[in-house]
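Colleague: Top line first, the protein sequences correspond to chains R and V. Letter by letter, the first sequence follows residues -4 to 135 of the numbering used here. Letter by letter, the second sequence follows residues -4 to 135 of the numbering used here. Think of the CB as a built atom: it goes at the ideal place given N, C-alpha and C, for glycine as much as any other residue. Owing to the predicted nature of the structure, the values given are computational and were not obtained by experimental measurement. Mind having a look at this structure? Questions to follow.
Number of protein chains: 2
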Amino acid sequence: MPDPLSNLPGYALRRAANAMMADLTERLAPIGLRIIDASLILLVAGRRDRTSSDIGRMLDIQRANMVPLLNRLEASGLIARVPLDKKKMAIVLTPAGDAMLAQVRAITNQFEEDLIARIPEPHRPHFMPALHALWSAPAE
Amino acid sequence: MPDPLSNLPGYALRRAANAMMADLTERLAPIGLRIIDASLILLVAGRRDRTSSDIGRMLDIQRANMVPLLNRLEASGLIARVPLDKKKMAIVLTPAGDAMLAQVRAITNQFEEDLIARIPEPHRPHFMPALHALWSAPAE
DNA sequence: CCTTAATGCTATTGACCATAGCAATTCATA
DNA sequence: TATGAATTGCTATGGTCAATAGCATTAAGG
């Protein structure tokens, strides 16, 4: 690689993440979901107490931007909004959502397995710790 | 982290990349550049033969989307379009662009150094090889 | 009780990426 | 060398995604 960017860790990180996202996007397309949809489904699986704000905080999505996302999943019949009190709404999976969850799990499990398999064996055990170090200590 | 996503390599990769990008974006803000601007400047530094299409291919940006990017950098006085023949235009740094290049290099060098420093020492040598493996073999 | 914070939402904006199409030029090869 | 194919730089457009400001309602805490 003769270009001056390939050797920069930041650049390589960005490219690796992009390649990974493109791959996962393709794998989720057959079941009509985007990455963000699948993430949300995995996050509310088996729970009836996660609010829109909760999910937004976990996925780093502003409350305002949760609305169209939830609207779409609700229109697809995958989730439902269930009042927890007069203000909070729990996001729960519908039966169709539960069925979809199984497919999401199958796809993501295979995906993560393939992802790890691409990393040469000696580097493999160091991958997650390194990522978590970057993620947890983003700014100083 | 009690959430079911943190342990997924793909998710961790995405989050680490996002944190990295946010950090770099902040560091470049004082000199009025975005990440994509800085990447382009580093890519054309010291050359007078890189065309818009070349750069687009290297950065994975469609030709059509190069136009507003180049227009902005040209309006800022950092780059110029120099005809190579009746069709091709070389993207070159102006004197102001060269001055900016020095600042870009200072910022990105420090940034990459800090990035690596965040990774615990034992994992460090494995980081770039792992990323390149993911980047170079995105789909199979 | 009453101020403060949180929730879910509307509306808007901008960055970014993808696609289709076009005129002009270069190229490849027959 | 002539001609069809590919390339270049561009316009125009639409879609996704994130960020901001603002609002009415409700919950929590001093």
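Any idea if Val211/V is buried or exposed, counting beta-carbon neighbours within 10 angstroms, 16 or more meaning buried?
Modeller: In this structure chain V extends from -4 to 135, so residue 211/V is not present and cannot be described.
Colleague: List, in chain order, every chain R residue whose beta-carbon is nearer than 8 Å to that of Glu107/V.
Modeller: The contacting residues are Leu3, Pro4, Gly5.
Colleague: Can you confirm whether Leu38/R, when its beta carbon is compared against all beta carbons of chain V, has any partner nearer than 8 Å?
Modeller: Leu38/R counts as touching chain V.
Colleague: Just reading off the beta strand (DSSP E) that Leu79/R is part of, what are its end residues?
Modeller: Careful: Leu79/R lies outside any beta strand (DSSP E) and carries neither H nor E.
Colleague: Could you list the residues in the stretch 25 to 36 of chain R with a C-beta less than 7 Å from some C-beta on chain V, going in chain order?
Modeller: The residues in question are Ser34.
Colleague: Scan the stretch 45 to 72 of chain V for residues whose Cβ lies nearer than 7 Å to a Cβ of chain R and list them as they occur along the chain.
Modeller: Within the stretch 45 to 72 of chain V, the qualifying residues are Met53.
Colleague: Going by DSSP, what residue range makes up the beta strand (DSSP E) through Leu88/R?
Modeller: From DSSP, the beta strand (DSSP E) with Leu88/R extends over 84 to 88.
Colleague: On the premise that Leu8/V lies in contact with Ala12/R, defined as a C-beta separation below 8 Å, what is that separation, rounded to the nearest angstrom?
Modeller: With a Cβ gap of about 5 Å, Ala12/R and Leu8/V count as contacting.
Colleague: With distances taken from CA atoms, which of Ala85/R, Ala125/R, Ile74/R, Leu110/R is nearest Ala94/R?
Modeller: Per the Cα distances, Ile74/R.
Colleague: Using 10 angstroms around the beta-carbon of Ile114/V, count the other beta-carbons present and answer buried if the total reaches 16, otherwise exposed.
Modeller: Classification of Ile114/V: buried, given that the 10 Å Cβ count is 16 or more.
Colleague: Give the residues of chain V in contact with Thr103/R, contact being defined as C-beta atoms less than 8 Å apart.
Modeller: Here the neighbours are Leu3, Gly5.
Colleague: Tell me which same chain residues have a C-beta within less than 7 Å of the C-beta of Ser131/R, skipping the five on either side of it?
Modeller: Taken in chain order, the list of residues that qualify is empty.
Colleague: Is it right to say Val99/R is buried, meaning 16 or more other beta carbons lie within 10 angstroms of its own, or is it exposed?
Modeller: Val99/R is buried by the Cβ-count criterion.
Colleague: Give the residues of chain V in contact with Met16/R, contact being defined as C-beta atoms less than 7 Å apart.
Modeller: What Met16/R touches in chain V: Arg9.
Colleague: Using beta carbons (cut-off 8 Å, strictly below), is Met84/R in contact with chain V?
Modeller: Not one chain V Cβ lies under 8 Å of Met84/R.
Colleague: In terms of residues, what are the limits of the alpha helix (DSSP H) holding Glu21/R?
Modeller: Unbroken alpha helix (DSSP H) run through Glu21/R: 4 to 23.
Colleague: Can you pull the chain R residues whose beta carbon is under 7 Å from the beta carbon of Asp(-2)/V, in chain order?
Modeller: Within 7 Å Cβ-Cβ: Leu38, Met53.
Colleague: Thinking just about the alpha-carbon of each residue, which of Ala33/R, Asp49/R, Leu54/R is nearest to the one in Pro83/R?
Modeller: The sequence given here has Lys at residue 83/R, not Pro. For Lys83/R, the nearest C-alpha among the options comes from Asp49/R.
Colleague: Alpha carbons only, please: which of Pro124/V, His118/V, Leu129/V, Ala128/V is nearest the one belonging to Leu129/R?
Modeller: Comparing Cα positions, the closest option is His118/V.
Colleague: Using the three-state DSSP reduction, which class does Met(-4)/R fall into: helix, strand or coil?
Modeller: At Met(-4)/R the pLDDT is 49, less than 50, meaning the model places this residue with poor confidence and gives no usable figure here.
Colleague: How long is the line joining the alpha carbons of Met123/V and Asn60/R, rounded to whole angstroms?
Modeller: Near 34 Å, if we compare the C-alpha coordinates of Asn60/R and Met123/V.
Colleague: Determine, using beta carbons only, whether Ala94/R comes closer than 8 Å to chain V.
Modeller: No, Ala94/R does not count as interfacial toward chain V.
Colleague: Just checking: is the beta-carbon of Pro90/R within a distance shorter than 8 Å of some beta-carbon in chain V?
Modeller: No, no contact with chain V.
Colleague: Could you give the C-beta distance for Thr46/R and Leu79/R, rounded to a whole number, given that I count them as a contact under 8 Å?
Modeller: So it is a contact: roughly 7 Å between Cβ atoms.
Colleague: Report yes if the CB atom of Leu68/R is closer than 8 Å to the CB atom of Leu96/R, and no otherwise.
Modeller: Result no, Cβ atoms of Leu68/R and Leu96/R do not sit closer than 8 Å.
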